[in-house]
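Have a look at the structure below, then the notes.
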Amino acid sequence: MNIHANAPAPSRWPRVEDTGKCTCRRICARPRLKSQIITAQAKPVNSSAAALVADKRFKCTECGKCCSGAGEVWVSEVECMGIAAHLNLQLEDFFSTYCKSFSKVVGWRMLKYKAGTDKDCIFLEDKLCSIYTVRPTQCATYPWWPDLMDPVSWQVEAAEVCEGLDHEDAASLDVRQASEKLMTAAEYFVMKDAAPRRTKT
Numbered sequence: 056m057n058i059h060a061n062a063p064a065p066s067r068w069p070r071v072e073d074t075g076k077c078t079c080r081r082i083c084a085r086p087r088l089k090s091q092i093i094t095a096q097a098k099p100v101n102s103s104a105a106a107l108v109a110d111k112r113f114k115c116t117e118c119g120k121c122c123s124g125a126g127e128v129w130v131s132e133v134e135c136m137g138i139a140a141h142l143n144l145q146l147e148d149f150f151s152t153y154c155k156s157f158s159k160v161v162g163w164r165m166l167k168y169k170a171g172t173d174k175d176c177i178f179l180e181d182k183l184c185s186i187y188t189v190r191p192t193q194c195a196t197y198p199w200w201p202d203l204m205d206p207v208s209w210q211v212e213a214a215e216v217c218e219g220l221d222h223e224d225a226a227s228l229d230v231r232q233a234s235e236k237l238m239t240a241a242e243y244f245v246m247k248d249a250a251p252r253r254t255k256t
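With the first letter of the sequence shown counted as 1, position 169 gets the number 224 in the working numbering; the numbers rise by one all the way through.
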């Protein structure tokens, strides 16, 4: 389902804002359909969100591909504080060790790549996340991101990045949980996209 910028949104979507912005994918170098940002709704889960996830399945195979390759992981300063506390670091030490020195997005930081790798996340160790319990929302909600709910985007992601999408061994989908992750991701990306930008001086 290719949603064009000037076309009316399908009725099965909750309120949609067509921003056309990248939503900070770990793998974002290849061309993509326009991002569809779903305005987050209060619980109970929006029935339209449930409809978007209902025909999908997912099983994490711990391949680590979603944590490597061209792309960006953005972390809010609140999340940075939680990760810093988990690592027993002062916030400024966390910034200098794990985040890029300049952030173009006010209130957000971009994680560094691990040195000596092909752009692996700095927290990726032996294909696993070393801060899994406090990982960023961007990571915790994958693959339930608004820009992957389009069937074509889901299929491309399965073919090029994540072997766990529609995996033959995936358990029956917990539609409520997946819907909640989708709505959380939508709110998260809207917040980042709305944050003020700065330029280097």
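The beta carbon of each residue, even a glycine, is placed where N, CA and C say it ideally should be.
This structure is a prediction, so every number in the text was calculated from the model and none was measured.
Ranked by Cα distance from Arg253, the first of Thr116, Val207, Arg164 is Arg164. Gly171 is classed as exposed because its beta carbon has fewer than 16 other beta carbons within 10 Å across all chains shown. Between Lys167 and Cys154 a beta carbon distance of about 6 angstroms is seen, short of the 8 angstroms cut, so the two are scored as contacting. By alpha-carbon distance to Ala104, the top candidate from Phe178, Ile138, Thr188, Leu203 is Leu203. When the Cα atoms are used, Cys118 and Gly219 turn out to be separated by approximately 9 angstroms. Bridge pairing for Leu166: Cys154 [DSSP]. Around the beta carbon of Leu146, a 10 Å sphere encloses fewer than 16 other beta carbons of the protein chains shown; the residue is thus reported as exposed. Membership of Val216 in any beta strand (DSSP E) is not indicated, and neither H nor E is assigned to it by DSSP. One Cα belongs to Glu180, the other to Val207, and the distance between them is close to 31 angstroms. The straight-line gap separating the alpha-carbon atoms of Ala225 and Tyr243 is approximately 26 angstroms. Taking each of Lys236, Leu107, Lys120, Val108 in turn and checking the Cα distance to Ala214, the smallest one comes out for Lys120. One alpha carbon belongs to Ser131, the other to Ser227, and they sit about 32 angstroms apart. Assignment of beta-bridge partners to Ser131 by DSSP yields Trp163. Around the beta carbon of Tyr197, 16 or more other beta carbons lie within 10 angstroms, which makes this residue buried. Burial state of Pro251 is exposed, judged by a 10 Å Cβ sphere holding fewer than 16 other Cβ atoms. Counting other Cβ atoms within 10 Å of its Cβ, Cys176 reaches 16 or more and is therefore classed as buried. Nearest neighbour of Gly124 by Cα position, chosen from Val216, Asp248, Ala249, Ala240, turns out to be Val216.
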